[in-house]
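Quick notes on the structure that follows.
Residue numbers (the numbering used here), protein chains in the order written: chain A, 1 to 481; chain B, 1001 to 1183.
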């Protein structure tokens, strides 16, 4: 090739490389931004509520910890309030978490804790006999970060030491996540403190109990704090007009400041170009109405917890457009479908929403699945504390809930939700004082965690893997002697 | 008197009080201070600076022995051990478990432990290396137990030996997070 061509092709290659590097850095930056917004800041802001929860330790995790030899050094990476740090007092437990407020709570319980980053653990190599990571790495927004987190934990393990990892599963009993990368609203109603306030049952931490005592539909209870407070009956909400009046409030759960919209749009666009089938998508908000009962008093609502939103997002990423993983009927479809971009423009586009809705089909009956989910959230380990033991009840109630919710769900048409969404957009910030805490999760498919470790963390050998109440769990051992 | 670096104080702390944590504030000039330790060690003279407070938990030296700096670009091993600059140290009795301590001994970086104990004003009366028969030596194990588990740093800094970066300890919690630039 002639000199000019050589120079040209070299320059082009160089420029492409620079662009690639920029994308890589930007990707990493956006990943950290996403996690900052939808993991760290949520936990920081909601830490106070974790304090009151009667969090139960998961039996399998407990057993894993109790099986460790006396005198062992054990690390709980992502320990939160430290509930696993006191399971086995024959070993020395160190907990660490990114979230300062949660660590403070653990410290007050006299646990040995510190604040650090899972991706950059401040421990020397090979110092722990065992490491646990319970409901943590599903908060990392890219595969590379998840791998890095696991590798860091493997680094601090002694050869022969074991690691237990729990992540939220995409495959749930009664529902399916539409996507692997989801935003899940944090629901204050699940917190015991809130229960004692709103339920007036004085019962702390027992979600099921509260439900029973109040004889209120689990889904209602969980979904919408406001509805609970106002004691709305499902039938009331069936009126379209009611929804119209209060959709605004529902929709304002979704924090949609202009700035955030731009952020999310940009984020969505960026991620869309970088991720494939499990990418974070741009999305319009799906209508929530079926789950959300409008409050009579908007003021109350504003102070209430953020209900679990079931926004559907347009699947714009490659190969997954409109794909819904369903193994059951639409009625049982999953509610946790949130995705990132809260584009105001998409909100105001009624036609889009309608199209979404029609694509979604019977997703309005998400309420029904929600009924089980709300009370029996086979969710990430931390949420399961709230729903511990409620599966039976949930199942029992599900039939009843199904019928009632079917009735209700028809009321919440996308139209009303969208109309409300539109009106929300017009509202001033003053009315949008309810902060919507949306937590980012990458839910794992069956086998995904195993493949991740096998392919990218060769220093670990998987000993066992199982599905435990909506979570994928593996135990792996550090190779070497 | 063994281990004291100050003149004998005027008052003893009654044994009954040793069940609560004793807060020791380092004097401004940074002289190490002796502290009354747990019941097992027997009552010892207290310096006047010792104040007894409710005191929360603090970072134990066993934890410190596992910590290293995670700053980027350090020399291999350059991040360990972190130097402790403590402004608030407390001592709290912990039930002694000989077997537990004996199992911990081989896991420790011994030199770092001695250094840390010294820097907190607990010249630990420990040998430069554990004796081969340490497992049966209860007196030795009790001294190890004391420095590992009963001395706690409530406030101060952990300094990376290589980079000088300081990680704060507040309310007994070390914060090892790096900024985005450092990470």
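Quick reminder that beta carbons are idealized off the backbone N, C-alpha and C, glycines included.
* Name the chain B residues that come within less than 7 angstroms of residue 131 of chain A, Cβ to Cβ? -> In the first chain, counting from the first residue as 1, residue 131 of chain A sits at position 131. In chain B, no part has a C-beta under 7 angstroms from the C-beta of residue 131 of chain A; the shortest such distance is about 12 angstroms.
* To do: Would you mind listing the alpha helix (DSSP H) stretches within the stretch 16-90 of chain A that are 4+ residues and don't spill past its ends, in chain order?
  => DSSP runs (the alpha helix (DSSP H)) wholly in the stretch 16-90 of chain A: 41-52 and 59-66.
* Asked: Since residue 128 of chain A and residue 158 of chain A are thought to touch, with beta carbons under 8 angstroms apart, how far apart are those beta carbons, to the nearest angstrom?
  -> Walking along the first chain from the start, residue 128 of chain A turns up at place 128. Walking along the first chain from the start, residue 158 of chain A turns up at place 158. Going by Cβ atoms, the distance from residue 128 of chain A to residue 158 of chain A rounds to 7 angstroms, so yes, they are a contact pair.
* Contact set between residue 1084 of chain B and chain A, taken where Cβ atoms lie within less than 7 angstroms -> By 1-based counting over the second chain, the position of residue 1084 of chain B is 84. When 7 angstroms is used as the limit between beta carbons, residue 1084 of chain B is near no residue of chain A, the shortest such separation being about 14 angstroms.
* Would you report the Cα separation of residue 18 of chain A and residue 1134 of chain B, rounded to the nearest angstrom? -> The residue given as residue 18 of chain A occupies position 18 in the first chain. The residue given as residue 1134 of chain B occupies position 134 in the second chain. Approximately 59 angstroms between the Cα atoms of the pair.
* Let me know the alpha helix (DSSP H) ranges lying completely inside the stretch 436-479 of chain A, each 4 residues or longer, listed in chain order. => Listed in chain order, the alpha helix (DSSP H) runs fully inside the stretch 436-479 of chain A are 448-456, counting runs of at least 4 residues.
* Nonlocal neighbours in the same chain, by C-beta distance under 7 angstroms from residue 449 of chain A, ignoring five residues either side -> Taking the first residue of the first chain as 1, we reach residue 449 of chain A at position 449. Listed in chain order, the non-local C-beta contacts of residue 449 of chain A below 7 angstroms within the same chain comprise 165, 167, 472 and 474, local neighbours out to five positions each way being set aside.
* the stretch 165-187 of chain A: which residues have C-beta closer than 9 angstroms to a C-beta of chain B, in chain order? -> So nothing in the stretch comes that close.
* Asked: What number of angstroms, rounded off, separates the C-alpha of residue 113 of chain A from the C-alpha of residue 1153 of chain B?
  -> What you label residue 113 of chain A is simply residue 113 of the first chain in a count that begins at 1. What you label residue 1153 of chain B is simply residue 153 of the second chain in a count that begins at 1. When rounded, the separation of the alpha-carbon atoms in residue 113 of chain A and residue 1153 of chain B is 12 angstroms.
* What's the C-alpha gap between residue 42 of chain A and residue 134 of chain A? -> Along the first chain, read from residue 1 onward, the residue named residue 42 of chain A stands at position 42. Along the first chain, read from residue 1 onward, the residue named residue 134 of chain A stands at position 134. Distance between residue 42 of chain A and residue 134 of chain A, taken at the CA atoms: about 18 angstroms.
* Beta-carbon proximity check, residue 99 of chain A vs residue 47 of chain A, cutoff 8 angstroms -> Taking the first chain and counting its residues from 1, one reaches residue 99 of chain A at position 99. Taking the first chain and counting its residues from 1, one reaches residue 47 of chain A at position 47. Yes; because the gap between Cβ atoms is below 8 angstroms, this pair is in contact.
* Could you name the residues of the same chain whose beta carbon sits closer than 6 angstroms to that of residue 1119 of chain B, not counting the 5 residues immediately before and after it, in chain order? => Indexing the second chain from 1 puts residue 1119 of chain B at position 119. Contacts found: 1084.
* **Pairwise C-alpha distance: residue 68 of chain A and residue 123 of chain A** => Here the question's residue 123 of chain A lines up with position 123 in the first chain. Here the question's residue 68 of chain A lines up with position 68 in the first chain. Straight-line Cα distance between these residues: approximately 20 angstroms.
* **Other residues of its chain near residue 455 of chain A: CB distance less than 6 angstroms, five sequence neighbours each side excluded** => In the first chain, the residue the question calls residue 455 of chain A occupies position 455. For residue 455 of chain A, where only same-chain residues beyond five positions count, there are no Cβ hits under 6 angstroms.
* Since residue 1110 of chain B is in the alpha helix (DSSP H), which residue starts that stretch and which ends it? -> Sequence index remark: in the second chain, residue 1110 of chain B carries index 110 (1-based). Segment 1110-1119, the alpha helix (DSSP H) holding residue 1110 of chain B.
* Contact the stretch 1090-1105 of chain B vs the stretch 1136-1143 of chain B: 3+ CB pairs below 8 angstroms -> Yes, the stretch 1090-1105 of chain B is in contact with the stretch 1136-1143 of chain B.
* Among residues of its own chain, excluding the 5 on either side of residue 1137 of chain B, which ones have a beta-carbon nearer than 8 angstroms to its beta-carbon? -> Along the second chain, read from residue 1 onward, the residue named residue 1137 of chain B stands at position 137. Here the set comprises 1131.
* Residues that residue 1080 of chain B contacts on chain A, provided the C-beta gap is smaller than 7 angstroms -> Sequence index remark: in the second chain, residue 1080 of chain B carries index 80 (1-based). Within chain A, the residues near residue 1080 of chain B are 124.
* To do: From the DSSP output, in three-state form, read off residue 1105 of chain B for me.
  => Start at 1 with the first residue of the second chain, and residue 1105 of chain B comes out as number 105. Secondary structure at residue 1105 of chain B: helix, using DSSP grouped into helix, strand and coil.
* Asked: Tell me which same chain residues have a C-beta within less than 8 angstroms of the C-beta of residue 101 of chain A, skipping the five on either side of it?
  -> One-based indexing of the first chain puts residue 101 of chain A at position 101. Cβ neighbours of residue 101 of chain A beyond the five flanking positions: 43, 44, 47 and 48.
* Asked: Within 10 angstroms of its Cβ, does residue 76 of chain A collect 16 or more other Cβ (buried), or is it exposed?
  -> What you label residue 76 of chain A is simply residue 76 of the first chain in a count that begins at 1. Taking every protein chain shown into account, the CB of residue 76 of chain A has 16 or more other CB atoms within 10 angstroms, so this residue is buried.
* Count the other CB atoms within 10 Å of the CB of residue 1063 of chain B; is the residue buried (16 or more) or exposed (fewer)? -> For the purposes of this step, residue 1063 of chain B is taken as residue 63 along the second chain, with counting starting at 1. Buried, by the Cβ-count rule.
* CA-to-CA distance, residue 481 of chain A to residue 13 of chain A, given in whole angstroms -> Here residue 13 of chain A corresponds to residue number 13 of the first chain, with the count starting at 1. Here residue 481 of chain A corresponds to residue number 481 of the first chain, with the count starting at 1. Cα-Cα distance, rounded: 45 angstroms.
* **Proximal residues of chain A, C-beta to C-beta of residue 1087 of chain B below 7 angstroms** => Taking the first residue of the second chain as position 1, residue 1087 of chain B is located at position 87. At a C-beta separation below 7 angstroms, residue 1087 of chain B has no neighbours in chain A, since its nearest C-beta there lies roughly 18 angstroms away.
* Show which residues of chain A have a CB atom less than 8 angstroms away from the CB atom of residue 1104 of chain B. => Within the second chain, the letter at position 104 stands for residue 1104 of chain B. Within 8 angstroms Cβ-Cβ: 71, 73 and 92.
* To do: Flag residue 1073 of chain B as yes if its beta-carbon sits less than 8 angstroms from any beta-carbon of chain A, otherwise no.
  => The sequence position of residue 1073 of chain B within the second chain is 73, counting from 1. So, not an interface residue.
* Please classify residue 1097 of chain B: does DSSP put it in a helix, a strand, or coil? => Locating residue 1097 of chain B in the second chain gives position 97, where the first residue counts as 1. Three-state result, residue 1097 of chain B: coil.
* Asked: By Cβ distance below 7 angstroms, which residues in the same chain neighbour residue 942 of chain B in space, the five residues on each side in sequence not counted?
  -> What the structure shows of chain B is the stretch from 1001 to 1183, and residue 942 of chain B is not part of that stretch, so it cannot be assessed.
* Name the one or two DSSP bridge partners that residue 104 of chain A has. => Locating residue 104 of chain A in the first chain gives position 104, where the first residue counts as 1. According to DSSP, residue 104 of chain A bridges with nothing at all.
* Rank B:1114, B:1122, B:1160 and B:1165 by C-alpha distance to the C-alpha of residue 1129 of chain B and give the top, closest one. => Along the second chain, one-based indexing puts residue 1129 of chain B at 129. Nearest of B:1114, B:1122, B:1160 and B:1165 to residue 1129 of chain B, Cα basis: B:1114.
* **Close beta carbons around residue 79 of chain A, own chain, < 7 angstroms, minus the five adjacent residues each side** => On the first chain, residue 79 of chain A is found 79 positions in, with the first residue counted as 1. Here the set comprises 85, 95, 96, 97, 106 and 113.
* Asked: Would you report the Cα separation of residue 65 of chain A and residue 87 of chain A, rounded to the nearest angstrom?
  -> One-based indexing of the first chain puts residue 65 of chain A at position 65. One-based indexing of the first chain puts residue 87 of chain A at position 87. Taking the straight line joining both Cα atoms gives about 7 angstroms.
* Asked: Can you give the Cα-Cα distance for residue 478 of chain A and residue 132 of chain A, rounded to whole angstroms?
  -> Taking the first chain and counting its residues from 1, the one referred to as residue 478 of chain A is at position 478. Taking the first chain and counting its residues from 1, the one referred to as residue 132 of chain A is at position 132. Residue 478 of chain A and residue 132 of chain A have their C-alpha atoms roughly 13 angstroms apart.
* If we count the other Cβ atoms within 10 Å of its Cβ and call it buried at 16 or more, is residue 1125 of chain B buried or exposed? -> Along the second chain, read from residue 1 onward, the residue named residue 1125 of chain B stands at position 125. By the Cβ-count criterion, residue 1125 of chain B is exposed, with fewer than 16 other Cβ atoms from all chains shown falling within 10 Å of its own Cβ.
* Proximal residues of chain A, C-beta to C-beta of residue 1178 of chain B below 8 angstroms -> Position 178 of the second chain, counted from the start, is the residue given in the question as residue 1178 of chain B. Residues of chain A passing the Cβ test: 117 and 120.
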